[in-house]
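In the numbering used here, the protein residues as written are 10 to 223.
Note that the Cβ used here is the ideal one computed from N, Cα and C, for glycine as well.
Since the structure is predicted, the reported quantities are computational estimates derived from the model, not experimental observations.
See structure below.
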Ligand SMILES: Nc1ncnc2c1ncn2[C@@H]1O[C@H](COP(=O)(O)OP(=O)(O)OP(=O)(O)O)[C@@H](O)[C@H]1O
Ligand SMILES: [Mg+2]
C-alpha cells in the first residue's frame, strides 16, 4: 500500500496556519485524498487533557518551562503512535497544525531551554516520525497580532507573552528552517490567502509528484 504524506504547518500566532490547512484539506479531498487533520498539543483523548492544562487551566499558569516542554512532548508522543503513524500506514494525508518545530522554537529558543536537550526530547517523542514537508508561514509580529485582534477570541496562556517573545519565536523559526532546507518551505504569510494556498498546492504537486499521480 502507498504510504501517506505527512505535512505540518508552523509559524507564530495569527500567521494563518489554520486558514491554510482548511483550504488545503478542501483541495485534497476534492482530489479524492483522505485527510487526517490534527492540532498540537492535543489530537488524542490524553493529549486534549494536556492541551487544556497547557493552554487554559488555571493550574497550568504555574508550569515551569521544563514541565511545559515535557507535556508538549508527551502529547506529541501519544499523537504520533495513536493517530499519525496508523494514518500514514493506511495511505492517508496527515496534516498537523504545529508539530515538533514548535517545541524547538517555543521552548528551545523563546523560553531558552538548552536547545540540544530539547532536540533530544523531541526526537525521543516522535521516534523517527518526521514530516515529509513543513510549511513555515512567516510574517511581521505586529501584523500577525492585528489579525488576531480582528479574530476576537480571548488569548490563551501561550498567546499572552510580551512582544519580544514573539520576535524570538519568529527568529527561532527562521533559524530552524534554515537548518533543514530540505524539509521546510518558507512562505511569506503577509500575502493574500488565495495566493498562499495556490503556492502550497503547487509545491506539494512538484515535490510529491509520484504521490499525487499514483
Ligand atoms: N493571508 C491572510 N491575509 C489576511 N488575513 C488572514 C490571512 N490568513 C489568515 N487570515 C486571518 O488572520 C486570522 C488568523 O488566522 P489563523 O487563525 O488561520 O492563524 P493561525 O496561524 O492558525 O493562528 P493561531 O496560531 O492563533 O492558531 C484569522 O482571522 C484569518 O481569517
Ligand atoms: Mg490556528
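CA nearest to the CA of residue i, picked from the options
| i | options | result |
| --- | --- | --- |
| residue 126 | 136, 135, 137, 113 | 113 |
| residue 226 | 42, 134, 200 | Because the chain is modelled from 10 through 223, residue 226 falls outside the range shown and cannot be assessed. |
| residue 109 | 173, 18, 33, 64 | 18 |
| residue 81 | 209, 67, 97, 61 | 61 |
| residue 189 | 212, 141, 171 | 141 |
| residue 156 | 69, 21, 123 | 21 |
| residue 152 | 120, 76, 199 | 199 |
| residue 46 | 67, 15, 63, 217 | 15 |
| residue 178 | 67, 128, 111 | 111 |
| residue 96 | 11, 137, 31 | 11 |
Beta-carbon proximity check, residue i vs residue j, cutoff 8 Å
| i | j | result |
| --- | --- | --- |
| residue 59 | residue 84 | yes |
| residue 118 | residue 181 | yes |
| residue 145 | residue 195 | yes |
| residue 101 | residue 13 | yes |
| residue 150 | residue 116 | no |
| residue 122 | residue 171 | no |
| residue 208 | residue 183 | no |
| residue 106 | residue 28 | no |
| residue 55 | residue 87 | yes |
| residue 138 | residue 93 | yes |
Identified DSSP bridge partners for residue i
| i | result |
| --- | --- |
| residue 81 | None, per the DSSP bridge assignment. |
| residue 37 | Answer by DSSP bridge pairing: none, since residue 37 is not bridged. |
| residue 14 | 102 |
Reduced DSSP category for residue i - H, G, I as helix; E, B as strand; rest coil
| i | result |
| --- | --- |
| residue 45 | strand |
| residue 142 | strand |
| residue 28 | helix |
| residue 149 | coil |
| residue 72 | coil |
| residue 19 | strand |
| residue 193 | strand |
| residue 90 | helix |
| residue 158 | helix |
| residue 67 | helix |
| residue 223 | coil |
| residue 170 | coil |
| residue 217 | coil |
| residue 198 | coil |
| residue 181 | helix |
| residue 50 | coil |
Ranges of the alpha helix (DSSP H) found wholly within the region 102 to 129, counting only runs of at least 4: Fully enclosed alpha helix (DSSP H) runs of 4 or longer: 109 to 112.
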